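Below is one structure, written out as structure tokens; comments come after it.
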Amino acid sequence: KNQVEQSPQSLIILEGKNCTLQCNYTVSPFSNLRWYKQDTGRGPVSLTIMTFSENTKSNGRYTATLDADTKQSSLHITASQLSDSASYICVVIADTNAGKSTFGDGTTLTVKP
Amino acid sequence: NAGVTQTPKFQVLKTGQSMTLQCAQDMNHEYMSWYRQDPGMGLRLIHYSVGAGITDQGEVPNGYNVSRSTTEDFPLRLLSAAPSQTSVYFCASSSYRVGTGELFFGEGSRLTVL
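This is the structure:
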């Protein structure tokens, strides 16, 4: 069964600090992996996409990594801001068809001043 | 560019009542889907559609109906609401032509069943 596991479930950090969120998956075949950010009371929005051949990709203060051999991805947030407080959802797609998406349960990040 | 629009944003129902959650997208996406999100849990797929006239069940379809008469609209119907259907519902769409599988979500509809 395709599964996506995220850790930690929740995380509290101080503003300005860095943090790393983890995503392990057993989805096969693998097409790509996305990290979504979901602000409280809003719908998820894609932050970054990782394909099989990509190891690292940055989007501002967000850096995603992918190790296709160990089936692990991480999302690193640098110099956190209060606006980074959100839920971060890892989604792995078995095909380019969005209907083949497997969702993680998300990591809830709280950034405190 | 509106993207994916969901209505209503909030709704309170009594047990046994029926209602329809509306979803519309203006991006000409083939794929549309409905998810529910419960506290502490991830998004769970209810129903999805790969084009007008084509729908299929997801992970948690019981108690919900859908139809897709046009590319733009994908309403979700609750036939006889139950307290277990209290949740936040998200509609999403995606393009097969672009081929990356990115899902574009609406802002959600928060449903409470008393």
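Residue numbers (my numbering), protein chains in the order written: chain A, 669 to 781; chain B, 506 to 619.
Idealized CB from N, CA, C, for every residue including glycine.
Because the structure is a prediction, the values reported are computed rather than measured.
#1: Do GLY521(B) and SER585(B) come within 8 Å of each other at the CB atom, strictly closer than that value?
#2: Using the beta-carbon of each residue, which ones in chain A are nearer than 8 Å to GLU521(B)?
#3: In three-state terms, what does DSSP make of ASP763(A)?
#4: Evaluate ASN533(B) with the Cβ neighbour count: other Cβ atoms within 10 Å of its Cβ, from every protein chain shown; 16 or more gives buried, anything less gives exposed.
#5: Could you list which residues in chain B have their beta carbon closer than 8 Å to that of SER699(A), in chain order?
#6: Using C-beta distances below 6 Å, list every residue in its chain close to GLN620(B), excluding the 5 sequence neighbours before and after it, in chain order.
#7: How far does the beta strand (DSSP E) with ASP561(B) in it extend, from its first residue to its last?
#8: What do you reckon, are the CB atoms on LEU743(A) and LEU689(A) nearer than 8 Å?
#9: Between PHE609(B) and PHE595(B), how many whole angstroms is the CB-CB distance? I'm expecting something under 8 Å.
#10: Of the choices GLY709(A), ALA736(A), ASN727(A) and ILE745(A), whose alpha-carbon is the least far from that of SER721(A)?
#11: Looking at GLN590(B) and VAL555(B), is the spacing between their C-beta atoms short of 8 Å?
#12: Of all the CB atoms in chain A, is at least one closer than 8 Å to the CB of GLU474(B)?
#13: What in chain A is Cβ-close to LEU548(B), meaning under 8 Å?
#14: On the three-state DSSP scale, how would you describe SER589(B)?
#15: Mind checking who ARG541(B) pairs with in its DSSP beta bridge?
Checking against the coordinates, here is how it stands:
#1: For this step, residue 585(B) is matched to residue 80 along the second sequence. For this step, residue 521(B) is matched to residue 16 along the second sequence. Result yes, Cβ atoms of SER585(B) and GLY521(B) sit closer than 8 Å.
#2: By one-based count along the second sequence, residue 521(B) stands at place 16. Just to set this straight, residue 521(B) is Gly in the shown sequence, not Glu. What GLY521(B) touches in chain A: nothing, since even the nearest Cβ is about 28 Å away.
#3: Within the first sequence, residue 763(A) is the residue found at index 95, counting from 1. ASP763(A) falls in the coil class under three-state DSSP.
#4: Working through the second sequence from its first residue, we reach residue 533(B) at position 28. ASN533(B) comes out exposed.
#5: Taking the first sequence and counting its residues from 1, one reaches residue 699(A) at position 31. Near SER699(A) (Cβ distances below 8 Å), the residues of chain B are GLY606.
#6: Outside the shown range of chain B, which is 506 to 619, sits residue 620(B), and nothing can be said about it.
#7: By one-based count along the second sequence, residue 561(B) stands at place 56. Run containing ASP561(B): 559-562, per the beta strand (DSSP E) assignment.
#8: Mapped onto the first sequence, residue 743(A) falls at position 75. Mapped onto the first sequence, residue 689(A) falls at position 21. For the 8 Å CB-CB criterion, LEU743(A) and LEU689(A) form a contact.
#9: For the purposes of this step, residue 609(B) is identified with residue 104 of the second sequence, where counting begins at 1. For the purposes of this step, residue 595(B) is identified with residue 90 of the second sequence, where counting begins at 1. Incorrect: roughly 11 Å between the Cβ atoms, too far for contact.
#10: Start at 1 with the first residue of the first sequence, and residue 721(A) comes out as number 53. Here the closest residue by C-alpha is ALA736(A).
#11: For the purposes of this step, residue 555(B) is taken as residue 50 along the second sequence, with counting starting at 1. For the purposes of this step, residue 590(B) is taken as residue 85 along the second sequence, with counting starting at 1. It is not a contact, given that the beta carbons lie outside the stated cut-off.
#12: Any question about residue 474(B) goes unanswered here, given that chain B covers just 506 to 619.
#13: Your numbering for residue 548(B) matches position 43 in the second sequence. The answer, in chain order, is PRO712, ILE757 and PHE771.
#14: Within the second sequence, the letter at position 84 stands for residue 589(B). Three-state result, SER589(B): helix.
#15: Position 36 of the second sequence, counting from 1, holds the residue named residue 541(B). The partner list for ARG541(B) (beta bridge, DSSP) reads ARG549(B) and TYR594(B).
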